[in-house]
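Heads up, the thing below is written out as structure tokens.
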């Protein structure tokens, strides 16, 4: 069976990724928060831990 690769792929994504003149910054935070891996946002985690520590008087109140 022969396949024509030009019919099987779309090159526009590759052209976009490999020919950008700028850095591409992408966040996976939303994907992780919706079930893709166990994840907790760093800012939320530190806030939660500091709150717990303040409630147990390990650190001064926030």
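Numbering (the numbering used here), first residue to last: -18 to 43.
Don't be surprised by glycine CBs; every beta carbon is placed ideally from N, CA and C.
Here the structure is a predicted model, which is why all the values come from computation and not from measurement.
Mapping the DSSP letters down to three states, classify residue 31 as helix, strand or coil.
Here residue 31 sits in helix by DSSP.
Quick one: Cα of residue 25 to Cα of residue 7, how far?
19 Å
Go to residue -2, then tell me how far its alpha helix (DSSP H) extends in each direction, as first and last residue.
From DSSP, the alpha helix (DSSP H) with residue -2 extends over -7 to -1.
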